[in-house]
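Reading through the structure tokens given below for one structure.
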Amino acid sequence: MSVQKSIKPTESELEILQVIWEKGSASVREVHEALSATKDVGYTTTLKLMQIMHEKGLVKRDNTFKTHIYQPAVTREKAQKQLLGKMINGLFGGSSTQLVIQALGSHKSSKEELDQIQQLLDDLKKEA
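In terms of the numbering used here, the sequence shown opens at residue 641 and continues consecutively.
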């Protein structure tokens, strides 16, 4: 029986993962430049965070070249699913309905997003 390892990235680690997920793979410099576009962050801070993420198993590091290249060790979908499950259980008392009501009530959704949500609801009703 395999034990699923818990994914526990910090907010800063999630920001780094977002960059790496978008790029597929990236050096510390590439991640740092992407983060610097939206916030004040030092290169050594980005480097240290990525080293910690490697130790935690959140990213894989290719040491083949002088410049280390990092890739995500977890998929965006796996991280979203696990973190969302924790949020639903911890913040919404296990109620996915409360999560959806809060999300839709707090953020403006585009027509396309609402159409996707409606399609999902229609599919779920057919399965019930």
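Backbone N, C-alpha and C fix where the C-beta goes; we use that ideal spot for every residue, glycine too.
Is residue i close to the ligand GTP? I mean its beta-carbon at under 7 angstroms from any heavy atom of the ligand.
i	result
residue 739	Ligands in the displayed structure: none, and consequently the ligand GTP is not present.
Which two residues bound the contiguous beta strand (DSSP E) that contains residue i?
i	result
residue 699	699-702
residue 709	709-712
Pull up the distance between the alpha-carbon of residue i and that of residue j, whole angstroms please.
i	j	result
residue 728	residue 736	6 angstroms
residue 748	residue 718	25 angstroms
residue 614	residue 708	Residue numbering for the chain in the displayed model covers 641 to 768; residue 614 lies beyond these limits and cannot be assessed.
Among the candidates the options, whose CA atom is the shortest distance from the CA of residue i?
i	options	result
residue 661	705, 692, 720	720
residue 706	648, 669, 753	669
residue 648	741, 698, 667	698
residue 650	677, 693, 680	693
Just curious, the alpha helix (DSSP H) that residue i is in, first and last residue?
i	result
residue 671	668-676
residue 627	Here the chain has residues from 641 to 768 only, and residue 627 is not among them.
residue 694	683-696
Using C-beta distances below 7 angstroms, list every residue in its chain close to residue i, excluding the 5 sequence neighbours before and after it, in chain order.
i	result
residue 674	659
residue 752	none
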